[in-house]
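For the record, the sequence lines run as chains A and B.
Using our numbering, the first residue of the first sequence is number 1, and each one after it goes up by one.
Using our numbering, the first residue of the second sequence is number 295, and each one after it goes up by one.
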Amino acid sequence: MTEFGNLVLSGLTSGAIYAVLAVCLALWFRVANMLNLAAGDFAMIGALGVDLLARVHGWNLGLAIVTVLAVIALIGLVYDLIVLRIAVDWGRAREGIVAIFFFTFALSFVLEGVAQQVFGTVVHAAPALWPGNALDLHGLHVQRAGLLVIGFAVLVGAGLALCLRFTLVGKAMAACGENAIGARIVGIDSRRFRRGIFVLTAVLAGTFGILGSPITGFVYNSGAGLSLSGVVAAAFAGFTRPGRAVLAGLAIGLLEAFLSGYVSTAYGETLLYGVLAAVMLFRPQLMGLPEVAH
Amino acid sequence: MASAVGVALAGVIAVIALQGTYYDSVLVLAIAYAIVTIGMAVQIGYSNQLAFSQSVFMGMGAYAVAILNTRYGWPVPLALVVAVLGSGVVGAAVGSVVTRAPGLALALATVLFPIPVTTYVTYSTYLGGYTGIGGIEPLWAGDSASSSLIQSGIVAALILGLCVLACGRILRSGVGLELALSSDERTAAALGILTSRRKLELFVLGSMLAALGGSVFAGTQVVVSSDLFSQTTELTLLVMLFVGGRRSLIGAIVGAIGIQYLAGSTTLVNTHLLVIEGVLLTAVLLFEPGGLAQIAVNAAHAFQQRGTSQHPTALDDRGPSVRPTGPPRPDQVVPGPGGRRPEGVAPTLVCQGLSRRFGGLVAVDAVSLEVPRPGLYGICGPNGAGKSTLLELIAGGLRLDAGRVVLEGQDVSHWSAAERAQLGVARTFQMVRLMRHRSVLDNVAVACLPSHRTTMARAIARSDLEQARERAHAALTRVGVAHLAHTDPGRLTLEGQRMVEMARAIAAAPRLLLLDEPASGLSGAQRGRLAELLSGLGEEMAVVVVEHDLELLASIASRLFVLIQGRLRFEGDADDFRRSDLVRTELMGLIGGAAAAGEPG
Chain A
1 MTEFGNLVLS
11 GLTSGAIYAV
21 LAVCLALWFR
31 VANMLNLAAG
41 DFAMIGALGV
51 DLLARVHGWN
61 LGLAIVTVLA
71 VIALIGLVYD
81 LIVLRIAVDW
91 GRAREGIVAI
101 FFFTFALSFV
111 LEGVAQQVFG
121 TVVHAAPALW
131 PGNALDLHGL
141 HVQRAGLLVI
151 GFAVLVGAGL
161 ALCLRFTLVG
171 KAMAACGENA
181 IGARIVGIDS
191 RRFRRGIFVL
201 TAVLAGTFGI
211 LGSPITGFVY
221 NSGAGLSLSG
231 VVAAAFAGFT
241 RPGRAVLAGL
251 AIGLLEAFLS
261 GYVSTAYGET
271 LLYGVLAAVM
281 LFRPQLMGLP
291 EVAH
Chain B
295 MASAVGVALA
305 GVIAVIALQG
315 TYYDSVLVLA
325 IAYAIVTIGM
335 AVQIGYSNQL
345 AFSQSVFMGM
355 GAYAVAILNT
365 RYGWPVPLAL
375 VVAVLGSGVV
385 GAAVGSVVTR
395 APGLALALAT
405 VLFPIPVTTY
415 VTYSTYLGGY
425 TGIGGIEPLW
435 AGDSASSSLI
445 QSGIVAALIL
455 GLCVLACGRI
465 LRSGVGLELA
475 LSSDERTAAA
485 LGILTSRRKL
495 ELFVLGSMLA
505 ALGGSVFAGT
515 QVVVSSDLFS
525 QTTELTLLVM
535 LFVGGRRSLI
545 GAIVGAIGIQ
555 YLAGSTTLVN
565 THLLVIEGVL
575 LTAVLLFEPG
585 GLAQIAVNAA
595 HAFQQRGTSQ
605 HPTALDDRGP
615 SVRPTGPPRP
625 DQVVPGPGGR
635 RPEGVAPTLV
645 CQGLSRRFGG
655 LVAVDAVSLE
665 VPRPGLYGIC
675 GPNGAGKSTL
685 LELIAGGLRL
695 DAGRVVLEGQ
705 DVSHWSAAER
715 AQLGVARTFQ
725 MVRLMRHRSV
735 LDNVAVACLP
745 SHRTTMARAI
755 ARSDLEQARE
765 RAHAALTRVG
775 VAHLAHTDPG
785 RLTLEGQRMV
795 EMARAIAAAP
805 RLLLLDEPAS
815 GLSGAQRGRL
825 AELLSGLGEE
835 MAVVVVEHDL
845 ELLASIASRL
855 FVLIQGRLRF
865 EGDADDFRRS
875 DLVRTELMGL
885 IGGAAAAGEP
895 G
């Protein structure tokens, strides 16, 4: 029973990581019809940035966090103003599938390259926000950072799902993704939404990096793998539904934990990807993916 | 042919000129990658099949050569052939599963492939674990390391030339044209193209070229490691392809060499490689999606144009024989005008009780109608009456809930759209769907390729594209837009687009032509020209026109059908139609405005 409980906990923890990234991806896809493959890199910058300022340069932790998140927001803003503005507003992004994958993929390369120079190539983690050993509840090992991440994922996912369903802003966001020109005609500034949500999701990803880095540790190229797991989880939410993305992320994390725990420790990950690929190929309708024009 | 020889020659000369130095090894490595990227240019760039599994097949080819050579003592060239063929078999097995999935699911699933494979290879002691496998013999061993490098490099360059030759011939054949259309499944099916087969062939081609690149890698680098399988390799390959030019074989080679050169050059560049690659990729996507290859082509064009006083008219300089107006192809069996049809031959189209519901809505409700022989048949009705759905049911784009569709005595109710198209059903769409990046002529030629049933491999040996282009030109002439043959479809007016689509529909000499609102958006004068054309076509084939312009329909159609709320409410000739109370009460009130606006001139 304890073993089962610990598996569930570890599954939920890694699932929460997928979930946060999936939410970031889904939210922005909903508005801009593009996948943010740099989301994982923003998480990496959050973790390593705070580590650099607080641990190496001895800044106050709170100040370091605020500074790093501000820098992340600035990177997102500048990227939107320069690249996305040209890409979307000049019509370059009309080549559907290319826009979906490759614009932010290039951003990810740049961010990794810069991080390699700034943070070096050694694994680090930001100082724990809730320091202390793992909590022990009747034999269940609960990592404090894990709890923070799970809480963050649920909070963000539920909040966004509610916001999308019940507020005018949420509906306006959905309208931007479904038909940007139509949205503009009825007075929704789809560009401002695209920019705002891109910055918001970058900051959310960065926050997750800071919260969760004691669990995983980060190095300059950790972002790509994180983004990929986010893409996979978001795919099972049709890329557009943040609430479902959280559930998909948690479910994938649990599946991974059970496969590693009960089937094969060494090949748990392999099995996980096998199952996910099989579902994608044989039951693509489960994902409810949008149709893409080429 | 010329480009293939050019690539091979340039490669051989460069390999020799660099004299086995460090930069020679960079070049030879780039050639191995280039073999992979030209396969990706065909698969991803040209045909929009977004498969991200090339690194897996590249690793597979490399490891197969390494193991066959080091463990079993096979000579490298033989190992290479076996590795490529074996990867083709694996590619066919994997492809038969993955290419059935829709495009985005294919992309997402193949993105995952490298992860478990890399893990497995890294843990497998048989495959050399972390360190990989070393001590592989070179493709063509020499006395020293540098002479081995030069000789193997020459072989690699020749192989690259052969790949360019094969891929170039595929792209310039009718199969290449089908590939360009294979991502628009609806149009492809309407033209009788079996996309599932082309997609599988594409996947196998991409896999085999990736494995070949990997084998050449093993035979020139003489050591392989599990990195080859990884997503990092896949990402590098994608950057090479996109920066070089994803729609061009030469571009793919340029990209591979350029990126490999950057990676292998000074430490300053090498340490900032990720940033440089990211910026290059962004710049290409933003400013020239065609990549470096397209930039070079544009520059060459600009240079040429400065030389000539006027911009050259591309029209007719390729010289497909231009036939004057008249029936498109005398050599084709076209069912003649109604009278010529021998008695006792089955009617062109019989629909019996066709029904289709969408949820609670019955869009088409037990519609029975008959199109006995060539001629013009009109279907009209208010918006939402089920007219387009009825056309889809006849063309096979939608599944029937009940009823039968019989074409020339053949029950095709359970046939796919592509099969019906091959039997002689052609159609146009309400929204015009034409291929970008291909000329108007090729957009029409794709409909009359005799090669729908040939294999991709055969296209390497023989191209039937010129023949198809001739027929396409005749069809364009027939609808009066031959002067647009070499235009980019994106620059056509709406009338031009509709006429091109019409030419595409009639190019294959169909027996049944289904037109969905051909006159919508056209002016009065344009409608007049359309009416004339349709009357002419009605002499040769059965033309079923869905249209809101009642006056146009009544003036040309020999028989009219009125569909209201999914039910067939009227059937008769033009005089009955004009006198009908139903038409006056139900239709004129609803769409009289549209009819008045479209007075044929």
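For every residue, glycine included, the Cβ atom is placed at its ideal position computed from N, Cα and C.
Just so you know, these numbers come straight off a predicted model, no measurement behind them.
Self-check item: Backbone CA spacing between residue 171/A and residue 70/A [nearest angstrom]
Solution: 27 Å
Exercise. With distances taken Cα to Cα, identify the nearest neighbour of residue 352/B among 365/B, 566/B, 330/B.
Key: 330/B
Exercise. Can you pull the chain A residues whose beta carbon is under 7 Å from the beta carbon of residue 571/B, in chain order?
Key: 109
Practice problem: Using the DSSP secondary-structure output, state which residues sit across from residue 671/B in a beta bridge. | Solution: 838/B, 853/B
Self-check item: Residues bridged to residue 721/B [DSSP beta-bridge criterion]
Solution: 808/B
Practice problem: Mind checking the stretch 398-416 of chain B against chain A and listing, in chain order, the residues whose C-beta falls within less than 9 Å of any C-beta there? | Solution: 398, 399, 400, 401, 402, 403, 404, 405, 406, 407, 409, 410, 411, 413, 414
Quiz item: Taking Cβ-Cβ distances shorter than 8 Å, what residues in chain B pair up with residue 270/A?
Solution: 409, 410, 413, 414
Quiz item: Which first and last residues belong to the alpha helix (DSSP H) in which residue 445/B is found?
Solution: 439-465
Practice problem: Could you check if residue 793/B is buried or exposed, using at least 16 other CB atoms within 10 Å of its CB as the buried criterion? | Solution: buried
Exercise. Kindly say whether residue 112/A, judged by its beta-carbon, lies nearer than 8 Å to any beta-carbon of chain B.
Key: yes
Quiz item: Of all the options 696/B, 703/B, 877/B, which has the alpha carbon lying nearest to the alpha carbon of residue 717/B?
Solution: 703/B
Quiz item: Name the chain A residues whose beta carbon is nearer than 9 Å to that of residue 563/B?
Solution: Result: empty, since nearest Cβ-Cβ is about 12 Å, beyond 9 Å.
Quiz item: I think residue 560/B touches residue 433/B, with their Cβ atoms under 8 Å apart; what is that distance to the nearest whole Å?
Solution: That pair is no contact at about 29 Å.
Practice problem: Pull up the DSSP beta-bridge partners for residue 664/B, would you. | Solution: 644/B
Quiz item: Under a Cβ-count criterion, where at least 16 other Cβ atoms within 10 Å of its own Cβ denotes burial, should residue 298/A be classed as buried or exposed?
Solution: Chain A is shown only over 1 to 294; residue 298/A falls outside these bounds and no answer can be derived.
Self-check item: Exposure of residue 425/B, with buried meaning 16 or more beta-carbon neighbours within 10 Å
Solution: exposed
Quiz item: Under a CB-based cut-off of 8 Å, is residue 568/B close to chain A?
Solution: yes
Quiz item: With distances taken between CB atoms, is the gap from residue 535/B to residue 338/B smaller than 8 Å?
Solution: yes
Quiz item: Any C-beta of chain A sitting closer than 8 Å to the C-beta of residue 536/B?
Solution: yes
Quiz prompt | Cβ of residue 87/A within 8 Å of any chain B Cβ | solution = yes
Exercise. Measure the C-alpha to C-alpha separation of residue 252/A and residue 562/B and round it to an integer number of angstroms.
Key: 41 Å
Exercise. Output the residue ranges of the beta strand (DSSP E) runs that lie fully inside the stretch 750-816 of chain B and measure 3 residues or longer, sorted by chain position.
Key: 806-810
Quiz item: Between residue 824/B and residue 813/B, what straight-line distance do the alpha-carbon atoms span, to the nearest angstrom?
Solution: 7 Å
Self-check item: Through-space distance from residue 114/A to residue 566/B, alpha-carbon basis
Solution: 8 Å
Quiz item: From the beta carbon of residue 294/A, is the nearest beta carbon of chain B less than 8 Å away?
Solution: For residue 294/A, the predicted model reports a pLDDT of 43, less than 50, meaning its position is unreliable and no value from the coordinates is stated.
Quiz item: Apart from the five residues just before and just after residue 401/B, which ones in its own chain have a Cβ nearer than 8 Å to its Cβ?
Solution: 344, 345, 346
Practice problem: Determine the chain A residues that contact residue 580/B at a beta-carbon separation under 7 Å, and present them in chain order. | Solution: 83, 86, 87, 92
Quiz item: Are the CB atoms of residue 6/A and residue 140/A nearer to each other than 8 Å?
Solution: yes
Quiz item: Name the residues in the stretch 226-243 of chain A whose C-beta lies less than 8 Å from a C-beta of chain B; which are they?
Solution: 228, 231, 232, 235
Quiz item: In chain order, what residues of the stretch 319-350 of chain B put their CB closer than 8 Å to some CB of chain A?
Solution: 342, 344
Practice problem: Could you check the C-alpha separation between residue 298/A and residue 188/A for me, to the nearest Å? | Solution: This structure cannot settle anything about residue 298/A, because the visible part of chain A is limited to 1 through 294.
Quiz item: Taking the C-alpha atoms as reference points, what is the distance between residue 62/A and residue 136/A?
Solution: 28 Å
Quiz item: Would a check of beta-carbon distances place residue 259/A closer than 8 Å to chain B?
Solution: no
Quiz item: Which residues bound the alpha helix (DSSP H) around residue 280/B?
Solution: No information on residue 280/B is available, as it lies outside the stretch 295 to 895 that chain B covers here.
Quiz item: What separation, rounded to the nearest whole angstrom, lies between the Cα atoms of residue 438/B and residue 448/B?
Solution: 15 Å
Quiz item: Looking only at its own chain, which residues have a Cβ that is under 6 Å from the Cβ of residue 666/B, when we skip the five neighbours before and after it?
Solution: 641
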